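Residue numbers (the numbering used here): 7 to 329. Heads up, the beta-carbon is just placed ideally off N, CA and C, and yes, glycines get one too. Being a predicted model, the structure only gives us computed values, none of them experimental. One structure is given below, encoded as structure tokens.
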Ligand code: COA
């Protein structure tokens, strides 16, 4: 028994923050941002628009594409680092929006790897027969924890949501997932505020929940860990690099994505690239890129996809998928 992606959906909030907009308030420029990151614009949630608001739109599109009704959903896994509330978790909030009742609904907080973790967990429930119609979401409002006075991070992050429906199938679907984490790297990429630690910086006495990142070090470790994850996924499935039809990477930096494509001997034409449109949307980036590739017709049934992500923690992982 496999789990198989039956439908995909995504949603971007309307407001666009372009590189030109950032030039007006920060000591930065469009050329620097484009060449160092690949980002041209990002989408920002409207005031009051929450992570679950974005997720609901993406989930409804995935549900429609899968041809199921919300009442069939019997498992919800929701990857996010920017939840609406401390509790109930975003999975439960989304469940209520969709009018689903009684099934397990959980949120997974593994930063940019949130969707890959959620997918891996849902896959196990579907393959074991415990779930027959799983909704898997990655959604974020990173703009809420971005310091727009810090040019090293303000240029990177955006808001969005992506979702898939997983159903059981006797035909190959998800071939493997591999998950990793290493808390030794916790100080290289993190948000300073938290419920238990408090939202006020003890040193300055000011509220502070913003993302902090040692970008250059993160970059180097991301390339190494993702490279190993790509090799691990291929080896576990006894597949050659040439077997991968599409790379669907976490969209954090175009140079990291290019390094992964080189490692797979893939031309960039075989990579679903969305970073220019929405920057780094953390857990939302992989399912949004997947949905873009499916809806524009590049990704076809039977194609072999390699999904990978890396984020704060560090956490990282891959999913090898027969679409
Ligand atoms: N505009 C213009 N200059 C900037 C800038 C900006 N927005 N941000 C930083 N700079 C400057 C720095 O101050 C530095 O100047 P200096 O040489 O005078 O000291 C110079 O550009 C180079 O900085 P550096 O941090 O070494 O740049 P970089 O090439 O590493 O690019 C990132 C910075 C953040 C784009 C890059 O490190 C990155 O993408 N890292 C990984 C991020 C990531 O993947 N994070 C999420 C994982 S989920």
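Paired residues, beta bridge with residue i - DSSP
{"i": "residue 165", "result": "147"}
{"i": "residue 84", "result": "113 and 143"}
{"i": "residue 15", "result": "169"}
{"i": "residue 187", "result": "321"}
{"i": "residue 196", "result": "218"}
{"i": "residue 8", "result": "175"}
{"i": "residue 327", "result": "180 and 311"}
{"i": "residue 157", "result": "The partner list for residue 157 (beta bridge, DSSP) is empty, contrary to what the question assumes."}
{"i": "residue 23", "result": "48"}
{"i": "residue 132", "result": "Answer is none; residue 132 lacks a bridge partner."}
Alpha carbon of residue i to alpha carbon of residue j, nearest angstrom
{"i": "residue 203", "j": "residue 40", "result": "36 angstroms"}
{"i": "residue 59", "j": "residue 68", "result": "15 angstroms"}
{"i": "residue 330", "j": "residue 200", "result": "Here the chain covers residues 7 to 329 and nothing more, so residue 330 does not appear."}
{"i": "residue 297", "j": "residue 142", "result": "13 angstroms"}
{"i": "residue 80", "j": "residue 299", "result": "27 angstroms"}
{"i": "residue 72", "j": "residue 127", "result": "20 angstroms"}
{"i": "residue 74", "j": "residue 291", "result": "24 angstroms"}
{"i": "residue 43", "j": "residue 219", "result": "15 angstroms"}
{"i": "residue 104", "j": "residue 77", "result": "8 angstroms"}
{"i": "residue 259", "j": "residue 225", "result": "8 angstroms"}
{"i": "residue 123", "j": "residue 85", "result": "7 angstroms"}
{"i": "residue 101", "j": "residue 107", "result": "7 angstroms"}
{"i": "residue 255", "j": "residue 66", "result": "23 angstroms"}
{"i": "residue 179", "j": "residue 9", "result": "6 angstroms"}
{"i": "residue 6", "j": "residue 93", "result": "Outside the shown range of the chain, which is 7 to 329, sits residue 6, and nothing can be said about it."}
Cβ neighbours of residue i in the same chain (closer than 8 angstroms, five flanking residues each side left out)
{"i": "residue 236", "result": "266, 269, 270, 312, 314 and 324"}
{"i": "residue 50", "result": "19, 21, 22, 23, 149, 164 and 165"}
{"i": "residue 90", "result": "56, 57, 58, 96 and 99"}
{"i": "residue 176", "result": "7 and 8"}
{"i": "residue 195", "result": "117, 217, 218, 219, 220, 224, 317, 318, 319 and 320"}
Expected contact under 8 angstroms - CB spacing of residue i and residue j to nearest Å
{"i": "residue 284", "j": "residue 164", "result": "5 angstroms"}
{"i": "residue 310", "j": "residue 250", "result": "6 angstroms"}
{"i": "residue 11", "j": "residue 327", "result": "7 angstroms"}
{"i": "residue 147", "j": "residue 57", "result": "5 angstroms"}
{"i": "residue 155", "j": "residue 317", "result": "That pair is no contact at about 23 angstroms."}
{"i": "residue 151", "j": "residue 217", "result": "6 angstroms"}
{"i": "residue 359", "j": "residue 171", "result": "There is simply no residue 359 to check, as the chain begins at 7 and stops at 329 in what is shown."}
{"i": "residue 198", "j": "residue 7", "result": "Wrong, their Cβ atoms sit about 44 angstroms apart, outside the cutoff."}
{"i": "residue 140", "j": "residue 83", "result": "7 angstroms"}
{"i": "residue 121", "j": "residue 289", "result": "5 angstroms"}
{"i": "residue 264", "j": "residue 274", "result": "7 angstroms"}
{"i": "residue 174", "j": "residue 130", "result": "Their Cβ separation, rounded to whole angstroms, is 12 angstroms, which puts residue 174 and residue 130 out of contact at 8 angstroms."}
Nonlocal neighbours in the same chain, by C-beta distance under 6 angstroms from residue i, ignoring five residues either side
{"i": "residue 16", "result": "64, 168, 294 and 297"}
{"i": "residue 228", "result": "262 and 316"}
{"i": "residue 48", "result": "23, 164, 284 and 285"}
{"i": "residue 213", "result": "205 and 206"}
{"i": "residue 287", "result": "146, 164 and 166"}
{"i": "residue 29", "result": "35"}
Proximal residues to residue i (C-beta, below 7 angstroms), its chain only, five neighbours per side dropped
{"i": "residue 192", "result": "319"}
{"i": "residue 322", "result": "119, 186, 231, 232, 235, 315 and 316"}
{"i": "residue 181", "result": "243, 326, 327 and 328"}
{"i": "residue 221", "result": "158"}
{"i": "residue 55", "result": "19"}
{"i": "residue 282", "result": "44, 45 and 46"}
{"i": "residue 125", "result": "142, 183 and 325"}
{"i": "residue 2", "result": "No statement about residue 2 is possible, as the shown extent of the chain runs from 7 to 329 and does not include it."}
Neighbour flag for residue i against chain C, beta carbons, 9 angstroms
{"i": "residue 179", "result": "Absence of chain C from the displayed structure is noted, only one protein chain being present."}
Threshold first: 3 residues or longer. Then list the beta strand (DSSP E) segments lying entirely within the stretch 198 to 275, N to C. As summarised for the stretch 198 to 275, the continuous beta strand (DSSP E) elements at least 3 residues long and confined to that stretch are 217 to 219 and 252 to 255, given in chain order.
Whole runs of the beta strand (DSSP E) within the stretch 281 to 325, excluding any shorter than 3 residues: Positions of the beta strand (DSSP E) runs, each at least 3 residues long and wholly inside the stretch 281 to 325, are given as 310 to 317 in order along the chain.
Suppose only complete runs of 3+ residues qualify. What are the beta strand (DSSP E) ranges in the stretch 25 to 105, listed by chain order? Entirely contained in the stretch 25 to 105, the beta strand (DSSP E) runs reaching 3 residues are, in chain order, 47 to 50 and 81 to 85.
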